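Residue numbers (our numbering): 34 to 333.
Cβ coordinates follow ideal geometry from the N, Cα and C atoms, glycine included.
Because the structure is a prediction, the values reported are computed rather than measured.
Data block below; observations after.
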Amino acid sequence: MPQSLMPELQTWYQQGHFRTCRSHQIFYGMQGAGPNLVLIHGFPTSAWDWHKVIPALAEEHRVIYLDLPGFGLSDKPREDYPIIEQADRVIDLLQHLGVFDAHILAHDYGATVAQELLARREEDTSPIRWHSCTILNAGLFPEAHRPLRIQTLLASPLGPFIAPMIGKDTFQRSMASIWGEAPVAIEELEAMWQLLQWDDGKSTIPYLIKYMEQRVTNRERWVGALMQTEVPLLLIDGLADPISGQSLVDRFTELCPQGKIVALEGVGHYPQLEAPEAVIDAWRAFEAELPALIPGEPVP
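Here's what the structure looks like:
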């Protein structure tokens, strides 16, 4: 039992499982029964970001969540983390669990992984049938992404020198700066910090943050997947987010007119933590409008 973790995270740890996927040990968990719903977290945090919405979602779904390699309780080797390989690991885990059809709920970095998963569906190379894709605040479009100054520095050649010097206060101030109007719960920031610190996670940040460059390099593939997909899309966006707020909504409206949008006033970068009830309500309303699907049948 990892005694260094706060009690809530110790319980989280005990409820989860570990599996080696493509040479990396990953932490994952499952709750509930019903249609499969895969949760993919953002940067620089972990699947713990979903803890406020999992109980309600698990009332009607088999909820599957994981810490991608480099994050949370999963392995954190000091190496590059191509989004394509992160998508491989999501698929590997789902196949191990016997999952071949699912909905996606993704946030931030996880939404980029979701874009790669959708791109594979468009190529007809995906072993998973995706019934829908819901995205929370994310840099889907490089031209609409507004990174924080610290993100820009960490992505620069100075990143390996800056990352080890990031302290708890600096980290928590940075996270609080992208929150909306709701007060930031110190317990949430503490949990984020502990999971970042796990296995010297700060050292992986300069490797992980290369996802911003990957978004530019792979823009045609990943943005094209959103524009072309027939998988139903929903964007839930906190408009008070300085990174991917109104600018994301505007670009999504322009490039993905087939998608639905739920804009949350006064909510920042983490809707699932700041306004969990609104996220749950938006997802349920969206799912209720989806075509009735028999598990295992392809999406039209």
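* To do: Establish whether the CB of V312 and some CB of chain B are separated by less than 9 Å.
  => In the displayed structure, chain B is absent; only one protein chain is listed.
* Asked: Exposed or buried, what is S37 when buried is set at 16 or more other beta-carbons lying within 10 Å of its beta-carbon?
  -> exposed
* In its own chain, which residues sit with a C-beta less than 6 Å from the C-beta of V132, not counting the 5 before and 5 after it? -> N69
* Asked: Among residues of its own chain, excluding the 5 on either side of E330, which ones have a beta-carbon nearer than 7 Å to its beta-carbon?
  -> In this prediction, E330 scores a pLDDT of 47, lower than 50, which makes its location untrustworthy; no coordinate-derived value is stated.
* Pick helix, strand or coil for L151, following the three-state DSSP scheme. => helix
* How about F19 and L241: do their beta carbons lie closer than 9 Å? -> Outside the shown range of the chain, which is 34 to 333, sits residue 19, and nothing can be said about it.
* Asked: In chain order, which continuous runs of the beta strand (DSSP E) of length 3 or greater are located wholly inside the segment 235 to 284?
  -> 266 to 271
* To do: Go through its chain and collect everything with a Cβ distance to A258's Cβ below 7 Å, but skip five positions before and after it.
  => Q148, L151, A152, E155
* Taking all protein chains shown into account, do 16 or more other C-beta atoms lie within 10 angstroms of the C-beta of H74, making it buried, or fewer, making it exposed? -> buried
* Asked: Looking only at C-alpha atoms, which of D100, A66, F104 sits nearest to E93?
  -> A66
* Asked: Who are T167's beta bridge partners in DSSP?
  -> L138, L267
* **Burial state of Q305 (16 or more Cβ within 10 Å)** => buried
* Asked: Quick one, are the C-beta atoms of F60 and L99 less than 9 Å apart?
  -> yes
* Indicate whether I294 and R179 have their beta-carbon atoms separated by less than 9 Å. => no
* Asked: Whose C-beta lies closer than 6 Å to the C-beta of A120 among residues of the same chain, with five residues either side of it excluded?
  -> V146, E149, L150
* Contacts around L101, its chain only, beta-carbon distance under 6 Å, and the 5 residues preceding and following it disregarded -> Q119
* To do: May I ask which residues mark the beginning and end of the alpha helix (DSSP H) holding F319?
  => 309 to 322
* Distance between beta carbons of H140 and A171, contact taken as under 8 Å -> 6 Å
* beta strand (DSSP E) segment containing G62, residue limits -> 57 to 64
* Asked: Which word fits S56, buried or exposed, when buried means at least 16 other C-beta atoms lie within 10 angstroms of its C-beta?
  -> exposed
* Asked: Sorted by chain position, which residues of the same chain lie with C-beta nearer than 7 Å to E187's C-beta, five sequence neighbours on each side aside?
  -> It is worth fixing the name first, because residue 187 is Leu in this sequence and not Glu. Within the same chain, L187 has close Cβ partners I195, A196, I238, P239, I242.
* Asked: A308 to L72, Cα distance in whole Å?
  -> 17 Å
* Asked: Distance, Cα to Cα, Q230 vs P40?
  -> 16 Å
* Asked: Between the Cα of L127 and the Cα atoms of T53, A311, L272, which residue gives the shortest distance?
  -> T53
* Asked: Thinking just about the alpha-carbon of each residue, which of G105, I313, T185, G301 is nearest to the one in L267?
  -> I313
* Span separating the alpha-carbon of R317 from that of W255 -> 26 Å
* Asked: How many Å lie between T250 and I116 at the Cα?
  -> 11 Å
* Starting from the Cα of I97, find the closest Cα among F104, G105, I87, G200 and give me that residue. => I87
* **Residues that H50 bridges to, as DSSP identifies them** => Y61
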